[in-house]
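Peer 1:
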Amino acid sequence: MKKLSTGLLALTMAFAVSACAKKPESIAPAYTSTSQYNGWSCKTLSNELQNIDRAYASAADQQNNARSNDIIGVILIGLPVSSLSGDNIAPQIATLKGQREAIRSTMITKRCAGSGDKRPIS
1039 MKKLSTGLLA
1049 LTMAFAVSAC
1059 AKKPESIAPA
1069 YTSTSQYNGW
1079 SCKTLSNELQ
1089 NIDRAYASAA
1099 DQQNNARSND
1109 IIGVILIGLP
1119 VSSLSGDNIA
1129 PQIATLKGQR
1139 EAIRSTMITK
1149 RCAGSGDKRP
1159 IS
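For the sequence shown, position 72 matches number 1110 in this note's numbering, and the numbering has no gaps at all.
#1: Residues in its own chain within less than 7 angstroms of residue 1083 by CB, not counting five upstream and five downstream?
#2: Run the CB neighbour count on residue 1111, radius 10 Å, all protein chains shown included, and call it buried at 16 or more, exposed below.
#3: According to DSSP, is residue 1054 helix, strand or coil?
#4: Is residue 1070 helix, strand or coil by DSSP?
#5: Which of the three DSSP states is assigned to residue 1047 in this structure?
Here it is, written out as structure tokens:
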């Protein structure tokens, strides 16, 4: 009986942890069309890319905090509290990653200076 209880507890914990907020690095980019950026100048694209990078850094911090709080919640009460309370912002991170990819692609197509930088957004 004790083995069954231990197994059930382990299974419950594994399920609860799987419901935790994802790491920002593991969130896939959302599709974003490059057509909205085609009429933009290289300077405007570069400025927007910097804005997206700043927004992503802030969102990634928030997502990491939500993930940490979820893990603590699972350990203490068995529930991913941040994900349940709406602090998980994975869709926003996916959108920012998609926008960054679309801007980078447009910059490469337009042969903008600095577009050879292939750093992926983590």
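Here a beta-carbon is modelled for each residue, glycine too, at the ideal position from N, C-alpha and C.
Peer 2: So, to answer that:
#1: 1075, 1141, 1144, 1145, 1150
#2: buried
#3: With a pLDDT of only 45 at residue 1054, under the threshold of 50, the placement of this residue in the model should not be trusted, and no figure is reported.
#4: coil
#5: Its pLDDT being 45, under 50, residue 1047 is placed unreliably in this model, and the coordinates cannot settle the point.
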